[in-house]
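Chain order of the listed sequences is A and B. Mapping of the first sequence onto the working numbering: residues 2 to 263, in sequence order. Mapping of the second sequence onto the working numbering: residues 842 to 1193, in sequence order. C-beta atoms are modelled at their ideal positions from N, C-alpha and C, and glycine is treated no differently. Since the structure comes first, as structure tokens, the remarks are kept for the end.
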Amino acid sequence: MKIKLDLLKWYSLIRFVVTLLPLIIIFLSAFSEASFLSFPPKGFSLKWFVVALTDKSILRSIQTSLLLAAVASMLSLLIGTLASYALVRYRFPGRNIIDSFITAPLTLPMVGLGLGLLFFFSSFLGGLSFINLVFGHVIITLPYVVRNISISLAAVDKSLEQSAMILGAGPITTFYKVTLPLIKPGLISGTLMAFIASFNNTTISLFVASPENLTFPVKIFYFIEFFPDPRMFAISSFVIIASLAIMLALDRIFGLYKIALR
Amino acid sequence: MVTVQLENIKKSFTEPVLKGLNLSVKSEEFMSLLGPSGCGKTTTLNIICGFLKPDEGNVYVNDVVVNNLAPHKRDIGLVFQNYALFPHMTVKGNLAFGLKLRKVNKKEIEKMVQEAMELIKLEGKEDRYPRELSGGQQQRVALARALIVKPQVLLLDEPLSNLDAKLRREMRIELRRIHKEVATTTIYVTHDQVEALSLSDRVAIMHNGEIEQIGSPTEIYQRPKTDFIADFMGEQNIISGKVASVAEKETVVSVGDLLIHIPDSSLEKGKEVHLAFRKENVRVNKKKLSNVNVFKAQVIYHAFVGKYVQYLLSLDNIRILADVQVDFATQIYKEGDHVFVELRSEDFWVLQ
Chain A
2 MKIKLDLLKW
12 YSLIRFVVTL
22 LPLIIIFLSA
32 FSEASFLSFP
42 PKGFSLKWFV
52 VALTDKSILR
62 SIQTSLLLAA
72 VASMLSLLIG
82 TLASYALVRY
92 RFPGRNIIDS
102 FITAPLTLPM
112 VGLGLGLLFF
122 FSSFLGGLSF
132 INLVFGHVII
142 TLPYVVRNIS
152 ISLAAVDKSL
162 EQSAMILGAG
172 PITTFYKVTL
182 PLIKPGLISG
192 TLMAFIASFN
202 NTTISLFVAS
212 PENLTFPVKI
222 FYFIEFFPDP
232 RMFAISSFVI
242 IASLAIMLAL
252 DRIFGLYKIA
262 LR
Chain B
842 MVTVQLENIK
852 KSFTEPVLKG
862 LNLSVKSEEF
872 MSLLGPSGCG
882 KTTTLNIICG
892 FLKPDEGNVY
902 VNDVVVNNLA
912 PHKRDIGLVF
922 QNYALFPHMT
932 VKGNLAFGLK
942 LRKVNKKEIE
952 KMVQEAMELI
962 KLEGKEDRYP
972 RELSGGQQQR
982 VALARALIVK
992 PQVLLLDEPL
1002 SNLDAKLRRE
1012 MRIELRRIHK
1022 EVATTTIYVT
1032 HDQVEALSLS
1042 DRVAIMHNGE
1052 IEQIGSPTEI
1062 YQRPKTDFIA
1072 DFMGEQNIIS
1082 GKVASVAEKE
1092 TVVSVGDLLI
1102 HIPDSSLEKG
1112 KEVHLAFRKE
1122 NVRVNKKKLS
1132 NVNVFKAQVI
1142 YHAFVGKYVQ
1152 YLLSLDNIRI
1162 LADVQVDFAT
1172 QIYKEGDHVF
1182 VELRSEDFWV
1192 LQ
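Below, the structure is given as structure tokens:
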């Protein structure tokens, strides 16, 4: 037993280090004085933080990414809830096809999807706009929402909804008073995953983001390729810390773990 | 007065499930729908609730056709097998749910919840969540939640099948008491004949999407009409024979070489009939004590089960079961013993 516990402990520690090490390297390198990417950092300065946080194009890309992630995840939440409800609660012809169609982007190579979208947008939807970018992102965020909500919904017995109805609740009241509270964990985790998937997505954005709508990951990608200096380290560590803070705050507000464990 | 009436209800999914079902439940009556799984009883229930629409036929509640009325407008109480209590609400929240939708004021809700808690004897547990209650307690909350809105009809879908045997017995008594107290017209769906017999004013036996017999529990038990019901209501002896002679008060049926005298005189001579008799009505003696309905038999198997002895007996080529009550003075026959089997003519009835 003791050996097992020790093994587990070591395993956790190694996992932890391996996962965090790249983040720590980025964080430390951000304090470098040098004007090229280097590790271990040369000297100590905060100048790259100043450069990064005053670079309008970087801030704009973060803004674009946040807005994009918010819109894409909210749209996915809306469409995903309705789609999940139909898929879980009803049996209709083509149900399995629609289900696979929604889930497919999780398994398809994104490069193909991105390329396809690029041609689709430029040939049929008048080029690359923010709306088209949202469209592309919803395709990849929708599966997260649908998966999560479907699982929650399948766990809500139909008899609960039927009980509410027979007690006098119409379909809408039944959904708000019974179904919605019971699938809340799935809604929150699905939307959160969708948000993260959108915010992190590089491949799709690389194809379909126009120069005025460059997302943050794409911006970093271009910077590394053309201006490799530590400002990207600085801004990345800033984003990492911000997302950690947001996760902690969400946990405080919604008690994600508490909900998930219920 | 009739509260619920089903008129020629037909419903098919991939195959026909209900084939022209007729049923009327009187006001304040406790009616059981009894049948094996797959006989269509749950479909019937869903049609009464409005969760399913019948392909044909009408559903009446208090003489009003409700075919096109949505479930939430039907004023029906429903208790599910799995209780279906809202897990995110307390007991009180569950009970108040239907009242709030009916815009009952807060004070009144408080009072009605208290009364309901007294009815189900769960005072003081208002603020518990369903998962903090035992199965029997959840069951009673589900019942109270259905009754608190004073529905015109109460439907119970196998409500006791998730409880253990002891709790089931207790809940049967509770259900009976509560029904007496609230006197709501009740339809009870079950596959358990003991529940149906002990609770109901009338029992409707369902088989293959039709109602095969409706009657009081004693009628159903003592005079099942068909082979199926006789078999479903517990192991009975069913033998087939031919009507040999018909007289005014007595008909004789020949079963092989045996001649069985029965009181039924509505039969025609030469007709093939199925005769049934209950195994507890069979008497087993060492000597021949009478001349009518006494047959030579041999014991094939016997088992002592406490209050009685189960015999498997062979009469010519017919095998019958007999449950014979025993006390310390009764002789117990062993395999191979020759005995006489005696039945009263009124113990037989003819199956359709």
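Spanning the alpha carbons of V112(A) and L181(A) requires a straight line of approximately 36 angstroms. Within the stretch 150 to 168 of chain A, contact with chain B at the beta-carbon level (separation under 8 angstroms) is assigned to D158, S160, L161, Q163, S164, A165, M166, I167, L168. Interface criterion met: the Cβ of L183(A) is under 8 angstroms from a Cβ in chain B. For A170(A), the closest Cβ of chain B is nearer than 8 angstroms. Contact with chain B is found for V179(A), since one of that chain's Cβ atoms lies less than 8 angstroms from the residue's Cβ. DSSP, read as helix, strand or coil, puts Q993(B) in coil. Look at N946(B): its C-beta is not under 8 angstroms from any C-beta on chain A. Proximity of chain A to C880(B) at the Cβ level (cut-off 7 angstroms) is not reached, the minimal Cβ distance being about 20 angstroms.
Taking C-beta atoms as the reference points, I888(B) and K852(B) count as a pair closer than 8 angstroms. Residues of chain A with a Cβ closer than 7 angstroms to the Cβ of L995(B) do not exist; the shortest Cβ-Cβ separation is about 11 angstroms.
For the stretch 971 to 987 of chain B, the set of residues with a beta-carbon nearer than 9 angstroms to any beta-carbon of chain A comprises A983, R986, A987, in chain order. Any Cβ of chain A closer than 8 angstroms to the Cβ of N923(B) would place that residue at the interface, and such an atom is present. In this structure, DSSP gives E1109(B) a state outside helix and strand, which the three-state scheme calls coil. Counting C-beta pairs with one atom in each stretch, the stretch 1013 to 1031 of chain B and the stretch 991 to 1005 of chain B have three or more that are closer than 8 angstroms, which means they touch.
A distance below 8 angstroms separates the beta carbons of F208(A) and G115(A). For M1047(B), the enclosing beta strand (DSSP E) stretches over residues 1043 to 1048.
Per the C-alpha coordinates, the member of I989(B), N849(B), A1045(B) positioned closest to K867(B) is A1045(B). Excluding five sequence positions before and after L38(A), the CB atoms of its chain that fall closer than 6 angstroms to its own CB belong to P229, given in chain order. Contact between D1042(B) and Q993(B) is ruled out by a C-beta separation of about 17 angstroms, above the 8 angstroms threshold. Put simply, the backbone Cα of G879(B) is about 12 angstroms away from that of E1051(B). With a cutoff of 8 angstroms on beta-carbon distance, L984(B) and I1019(B) are scored as near each other. With contacts defined as CB atoms closer than 8 angstroms, T142(A) and A198(A) qualify as a contacting pair.
Counting the other CB atoms within 10 Å of its CB gives Q979(B) a total of 16 or more, which places it among the buried residues. Fully contained in the stretch 1055 to 1136 of chain B are the following alpha helix (DSSP H) runs of length 4 or more, in chain order: 1058 to 1063, 1068 to 1073. At a C-beta separation below 7 angstroms, R943(B) has these neighbours in chain A: G169. Around F854(B), no beta-carbon contact reaches into chain A at under 8 angstroms, the shortest distance being about 11 angstroms. For H913(B), the residues of chain A that pass the 9 angstroms Cβ criterion are A165, M166, I167, L168, G169, A170, G171, P172, T174, T175, in the order they occur in the chain. Comparing alpha-carbon positions, the option among N863(B), T884(B), P877(B) lying closest to F854(B) turns out to be T884(B).
Remark: C-beta atoms of L1130(B) and V1094(B) do not approach each other more closely than 8 angstroms. Counting C-beta pairs closer than 8 angstroms gives fewer than three between the stretch 143 to 155 of chain A and the stretch 222 to 240 of chain A, which falls short of the contact rule. The Cβ atoms of S237(A) and V219(A) lie no closer than 8 angstroms to each other. The distance from the Cβ of A925(B) to that of S164(A) is about 4 angstroms, consistent with a contact at the 8 angstroms cut-off. Going by DSSP, T931(B) is part of no alpha helix (DSSP H) at all; its letter is neither H nor E. Residues of chain A whose Cβ lies closer than 7 angstroms to the Cβ of I917(B) are, in chain order, I167. Look at H1143(B) here: in three-state DSSP terms it is strand.
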